[in-house]
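Those sequence lines, one after another, are chains A and B.
For what it's worth, the working numbering labels the leading residue of the first sequence as 1, then goes sequentially.
For what it's worth, the working numbering labels the leading residue of the second sequence as 1, then goes sequentially.
Glycine is no exception: its CB is placed at the ideal position from the N, C-alpha and C atoms.
Protein chains: 2
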Amino acid sequence: MASDDAAQARVTQRICDTIKTRIASGLLGPGDKLPSTRALAAEWGISRTTVTAAYEQLIAEGYVETRQGARAQVARGLGPSSPQPTRSASTTMTGQLSAFGRRLAEFPLPSVASAPSLVADFRYGDLSAADFPTLAWRKAVTGVILRRQPRLRYDDPCGSLRLRTALQGYLWRARGLRCEPEQVIVVNGSQQGLDLCARLLLDPEDRAVMENPGYTLARQVFLAAGAQVAPVTVDGEGMRTDSLPDASLAYVTPSHQFPLGGVLSAGRRRELLAWARRTGAHVIEDDYDSEYRFDIAPIPPLQALDGAGRVIYLGTVSKTLSPTLRLGYLVVPKALSEPFAKAKRLADRHAPGLEQEALAELIESGAYERHVRRVRRRNAERRMALLAALSATLGDAVTVVGVEAGLHVVVWLNSVPRHQEENLTVRAHAAGLGVYPVTPLYAPGSAADRPDAAGLVVGYASLDARSIIRGVQILAEVMDTVRRRGEVGR
Amino acid sequence: MASDDAAQARVTQRICDTIKTRIASGLLGPGDKLPSTRALAAEWGISRTTVTAAYEQLIAEGYVETRQGARAQVARGLGPSSPQPTRSASTTMTGQLSAFGRRLAEFPLPSVASAPSLVADFRYGDLSAADFPTLAWRKAVTGVILRRQPRLRYDDPCGSLRLRTALQGYLWRARGLRCEPEQVIVVNGSQQGLDLCARLLLDPEDRAVMENPGYTLARQVFLAAGAQVAPVTVDGEGMRTDSLPDASLAYVTPSHQFPLGGVLSAGRRRELLAWARRTGAHVIEDDYDSEYRFDIAPIPPLQALDGAGRVIYLGTVSKTLSPTLRLGYLVVPKALSEPFAKAKRLADRHAPGLEQEALAELIESGAYERHVRRVRRRNAERRMALLAALSATLGDAVTVVGVEAGLHVVVWLNSVPRHQEENLTVRAHAAGLGVYPVTPLYAPGSAADRPDAAGLVVGYASLDARSIIRGVQILAEVMDTVRRRGEVGR
Chain A
1 MASDDAAQAR
11 VTQRICDTIK
21 TRIASGLLGP
31 GDKLPSTRAL
41 AAEWGISRTT
51 VTAAYEQLIA
61 EGYVETRQGA
71 RAQVARGLGP
81 SSPQPTRSAS
91 TTMTGQLSAF
101 GRRLAEFPLP
111 SVASAPSLVA
121 DFRYGDLSAA
131 DFPTLAWRKA
141 VTGVILRRQP
151 RLRYDDPCGS
161 LRLRTALQGY
171 LWRARGLRCE
181 PEQVIVVNGS
191 QQGLDLCARL
201 LLDPEDRAVM
211 ENPGYTLARQ
221 VFLAAGAQVA
231 PVTVDGEGMR
241 TDSLPDASLA
251 YVTPSHQFPL
261 GGVLSAGRRR
271 ELLAWARRTG
281 AHVIEDDYDS
291 EYRFDIAPIP
301 PLQALDGAGR
311 VIYLGTVSKT
321 LSPTLRLGYL
331 VVPKALSEPF
341 AKAKRLADRH
351 APGLEQEALA
361 ELIESGAYER
371 HVRRVRRRNA
381 ERRMALLAAL
391 SATLGDAVTV
401 VGVEAGLHVV
411 VWLNSVPRHQ
421 EENLTVRAHA
431 AGLGVYPVTP
441 LYAPGSAADR
451 PDAAGLVVGY
461 ASLDARSIIR
471 GVQILAEVMD
481 TVRRRGEVGR
Chain B
1 MASDDAAQAR
11 VTQRICDTIK
21 TRIASGLLGP
31 GDKLPSTRAL
41 AAEWGISRTT
51 VTAAYEQLIA
61 EGYVETRQGA
71 RAQVARGLGP
81 SSPQPTRSAS
91 TTMTGQLSAF
101 GRRLAEFPLP
111 SVASAPSLVA
121 DFRYGDLSAA
131 DFPTLAWRKA
141 VTGVILRRQP
151 RLRYDDPCGS
161 LRLRTALQGY
171 LWRARGLRCE
181 PEQVIVVNGS
191 QQGLDLCARL
201 LLDPEDRAVM
211 ENPGYTLARQ
221 VFLAAGAQVA
231 PVTVDGEGMR
241 TDSLPDASLA
251 YVTPSHQFPL
261 GGVLSAGRRR
271 ELLAWARRTG
281 AHVIEDDYDS
291 EYRFDIAPIP
301 PLQALDGAGR
311 VIYLGTVSKT
321 LSPTLRLGYL
331 VVPKALSEPF
341 AKAKRLADRH
351 APGLEQEALA
361 ELIESGAYER
371 HVRRVRRRNA
381 ERRMALLAAL
391 SATLGDAVTV
401 VGVEAGLHVV
411 VWLNSVPRHQ
421 EENLTVRAHA
431 AGLGVYPVTP
441 LYAPGSAADR
451 PDAAGLVVGY
461 ASLDARSIIR
471 GVQILAEVMD
481 TVRRRGEVGR
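Shown next as structure tokens:
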């Protein structure tokens with residue numbers, strides 16, 4: 001826009017604002033005639049063209065009406081604005097939320113203020129940016145951007161066929177999982193997969209079975225859907241399946257129980273599937289970190305044993321590439337493909353095209369699996385460093401579980417009683433150590449099922465060996481302080 | 001992995017599969033001892049190490065148990081598999097869907113099979129890939145990928161603070177909309193914004209007011225939430241607001257009514273806001289294409305008039321950059337920031353990081369607004385070409401509405417009766433012309449509110465002038481055929 005045009009536009013806008021203010025204040029009422037364009041142009045010392053443009057704008061916005069040959073007038077039905085409402089209107093707003101909205105109220109929203117810089121932060125879910133395949137991803141993304149198609153249009157709600165085909169191959173090679181591309185639904189991370197399952201399979205008052213302890217956001221999704229969550233005890237072989245209650249849904253992490261790390265045994269897998277067939281329940285198999293097994297080959301998924309179309313398999317690249325990409329995938333029984341496609345379409349049309357194509361390219365070229373092998377080695381080293389440091393520094397003072405797989409372990413602090421868990425966590429943060437208590441992962445009121453010691457979920461995938469070792473030293477110091485103060489307090 | 005290792009892994013897998021098959025078929029029962037590693041190694045002609053690896057795998061998967069000094073045995077509790085179920089189990093599955101899932105069943109899932117190559121496809125929502133700012137986007141994306149942060153972690157569910165701040169500035173400059181960054185929620189396209197609104201604000205049996213005709217996917221979202229949709233007649237000034245029923249929610253497109261193109265008049269804006277204050281309803285203002293106005297300056301949003309925290313503003317880059325990016329934004333009243341943040345977190349944690357940062361970069365550098373001006377000019381040219389072709393080729397045979405703004409018009413075919421709309425659409429596709437009937441945008445059973453002629457929603461943003469002109473010619477031919485056959489049929 002030339003600068004003359006810009007200046008005219010500003011004047012036009014000022015005329016519009018002035019007239020709107022006069023209408024709002026009641027100085028100009030409905031049906032009142034506006035000044036003629038000639039008169040207003042003279043009054044403001046501007047051209048009639050500018051005034052005409054302003055009036056046309058006001059007509060388009062409905063403030064002003066005009067008839068052939070007559071002067072422009074304030075639109076009938078337009079009066080002065082009612083007084084501005086007080087703020088009390090908005091404070092009562094949560095009372096107008098849906099039942100879903102009201103159920104969310106009890107869930108804490110984690111602070112996103114940037115954390116104080118910690119010496120070591122064992123937050124589970126974080127990855128080291130140094131592990132991200134920057135060059136390969138950049139190359140894939142650039143290729144996708146430059147490879148223009150003639151038109152940009154909404155894609156299949158289930159995701160790009162190219163990515164779904166690539167995932168089909170990957171899941172067969174890496175997990176022994178057989179499926180057709182139409183069973184694959186690309187989602188924005190496993191969280192969306194869980195949410196879609198809850199929406200499609202749970203009505204208010206339905207029951208969902210979950211491991212206890214288990215994944216907090218899964219529990220929240222089920223509770224937000226209005227379901228009752230039935231917690232089921234977990235031991236070294238995963239969730240106990242000998243007395244599952246009737247339910248619409250079970251959520252399990254069979255390859256690596258979150259957070260305790262057990263592998264669901266073959267007997268229990270069978271029992272779980274038999275229960276699902278008998279009761280008509282669906283089973284969500286969250287295979288969130290199966291890429292990381294350190295001493296033995298990956299365990300075939302529950303989905304591969306399911307002949308009855310009860311299992312919904314859920315995978316993600318949040319543990320192999322980045323949690324910020326927001327890419328995951330469901331493998332659903334064929335009978336559920338269409339409902340999931342429709343739900344995904346209403347939820348957000350489809351997953352972003354760029355990331356989908358880039359991931360497909362990485363999988364097709366073999367770069368993804370090479371990358372997985374590389375980060376598996378790096379995380380094996382981190383795990384070794386962590387286990388060695390815990391053993392050397394803390395010895396029998398801790399019991400470490402879930403070490404065979406994944407990107408975290410649970411550390412029970414044998415010398416620190418359970419009621420000191422929060423105190424220890426706070427003191428650790430003050431000392432520069434990010435540690436995260438295990439208690440929030442237990443269903444409320446299920447305290448009897450767990451060790452009497454404080455426990456921590458310790459993620460190590462974002463740290464180098466040096467920080468890990470330093471972190472364990474700080475942990476030992478903090479444990480010592482808490483223990484001594486505890487003794488004094490008796 | 002060395003090829004020796006790979007070969008060993010294959011043999012290990014074969015041993016595992018064989019033993020699992022024996023267990024599944026009942027040849028090996030619970031408690032049965034496996035062959036000794038020595039015996040099996042001899043039998044298969046392989047090393048004991050390989051057999052041991054296979055047994056360890058079976059132990060990890062729970063098929064096999066072992067005790068100190070004793071031979072490995074089949075896990076107790078493991079028996080032969082129950083027979084494979086028949087397919088009938090899955091065909092009854094939709095009966096197990098939630099009420100939400102069952103409500104989806106009636107919505108059609110558009111075919112995603114690649115359309116036959118058409119001479120001209122007037123599908124609304126498609127953009128020309130030639131308009132995408134490929135180089136600027138590539139530069140922004142590459143910059144984001146290379147600018148590593150030390151760790152990759154989940155972001156704020158409301159979106160990147162940088163993008164929200166950039167959007168705050170953009171919305172003020174481009175739309176006169178004032179908000180704080182904490183009122184901005186970045187979503188995966190406006191569809192997710194609609195879905196979050198429905199989930200947070202609608203309970204089953206609640207009422208949602210919608211323009212009639214109106215946006216199909218909004219109607220489906222409200223129906224899927226279990227709400228009653230109350231259609232309200234639209235005329236040249238947008239939705240009629242003189243007799244709105246009580247409702248929890250109103251969905252409107254005030255800048256450019258979809259699909260008919262009217263601008264909600266100032267009086268109606270006031271009336272709508274007064275209704276919302278009086279009834280406690282929220283108003284979703286879908287500002288889906290306000291970047292495209294051709295003769296006058298953009299009209300300030302409803303949100304700017306709202307002093308009572310009733311308006312939820314919804315924007316998208318699907319019409320300026322690409323529908324495949326899946327980026328949009330809500331501006332919510334402050335009292336709703338927290339519920340929306342929690343709902344977005346449960347829905348999918350947050351929008352993808354890469355696109356958010358790239359868009360922030362484009363807005364901050366001014367490249368986004370330069371791009372918007374450029375595509376506005378290009379689409380103005382397309383619109384001119386379309387209007388000129390319609391006028392020259394069809395003249396009084398058509399009435400074109402909604403020409404002042406947006407990326408589509410509605411064309412009423414005066415010579416073709418309404419009941420021939422589908423017939424005409426099918427014939428047009430057969431002749432290489434993609435046209436889309438207006439009838440599906442009307443609420444079922446609201447036929448009296450519309451012209452008696454067939455109508456088409458004609459999007460032109462993906463086409464060059466030549467295709468537009470050719471498309472109008474084909475339309476004229478098809479109209480002629482339909483009209484003549486109609487006369488013959490009398």
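- Judged by DSSP secondary structure, GLY267/A falls within the alpha helix (DSSP H) whose first and last residues are 266–279.
- The residue among VAL184/A, GLU271/A and PHE100/A with its C-alpha nearest the C-alpha of SER160/A is VAL184/A.
- THR50/A and GLN57/A have their alpha carbons spaced roughly 11 Å apart.
- Looking at the backbone, the Cα of LEU362/B and that of ALA140/B are separated by about 7 Å.
- Per DSSP, THR165/B is one residue of the alpha helix (DSSP H) stretching across 161–175.
- With respect to chain B, the C-beta atom of ARG466/A has no partner C-beta closer than 8 Å.
- Residues LEU273 of the same chain have their beta carbon placed closer than 7 Å to that of ASP306/B, with the five preceding and five following residues left out of the count.
- The Cβ of TYR288/B sits no closer than 8 Å to any Cβ of chain A.
- Against ASP126/A, the close residues of chain B are ARG151, LEU152, ARG153 and TYR154, in the order they occur along the chain (beta-carbon pairs closer than 9 Å).
- Residue burial is scored here from C-beta neighbours: LYS319/A has at least 16 other C-beta atoms within 10 angstroms and is therefore classed as buried.
- Chain order gives the chain B residues near GLN96/A as LEU201, SER248, GLY280, ALA281 and HIS282, where near means a beta carbon separation below 9 Å.
- For HIS350/A, there is no enclosing alpha helix (DSSP H), since its DSSP letter is neither H nor E.
- Take ARG240/B, set aside five residues on each side of it, and the residues of its chain with a beta-carbon closer than 8 Å to its own are VAL232, THR233, VAL234 and ARG268, in chain order.
- Taking a beta-carbon distance threshold of 8 Å, GLU338/B counts as an interface residue toward chain A.
- Where ASP286/B is concerned, the enclosing beta strand (DSSP E) starts and stops at 282–286.
- Against chain B, the CB of GLN168/A has no partner CB under 8 Å away; the residue lies outside that interface.
- The distance from the Cβ of GLN73/B to that of LEU34/B is about 6 Å, consistent with a contact at the 8 Å cut-off.
- Listed by position along chain B, the residues whose Cβ is nearer than 8 Å to that of LEU146/A are THR134 and ARG138.
- Cβ-Cβ separation between GLY261/B and GLY402/B: approximately 2 Å, consistent with a contact (criterion under 8 Å).
- As far as DSSP is concerned, SER415/A takes part in no beta bridge.
- As DSSP reads the structure, ASP121/A sits in a beta bridge with GLY434/A.
- In the displayed model, ARG450/B falls within coil according to three-state DSSP, outside both helix and strand.
- SER255/B and ALA461/B do not touch by the CB rule: their CB atoms are close to 17 Å apart, not below 8 Å.
- Note on ARG164/A: 16 or more other CB atoms within 10 angstroms of its CB, so buried under the neighbour-count rule.
- With the rule of 3 Cβ pairs closer than 8 Å, the segment 467–484 of chain B counts as touching the segment 408–425 of chain B.
- At least one C-beta of chain A is nearer than 8 Å to the C-beta of VAL141/B.
- In this model, GLU205/A and LEU223/A are separated by some 9 Å (Cα to Cα).
- Between LEU456/B and VAL426/B, the gap from beta carbon to beta carbon reaches 8 Å or more.
- For ALA75/B, a Cβ of chain A is located within less than 8 Å of the residue's own Cβ.
- Per DSSP, LEU40/A has no beta bridge partner at all.
- A check of alpha carbon separations from ASP5/B across PRO30/B, ALA53/B and ILE19/B identifies ALA53/B as the nearest.
- In the DSSP secondary-structure assignment, TYR251/A is bridged to MET210/A and ILE284/A.
- The Cβ atoms of LEU202/A and SER248/A sit closer than 8 Å to each other.
- In the displayed model, ASP5/A falls within a helix according to three-state DSSP.
- Among the residues facing chain A, ARG326/B is included, as its CB has a counterpart in that chain under 8 Å away.
- Just so you know, the alpha carbons of VAL317/B and ARG370/B end up roughly 14 Å apart.
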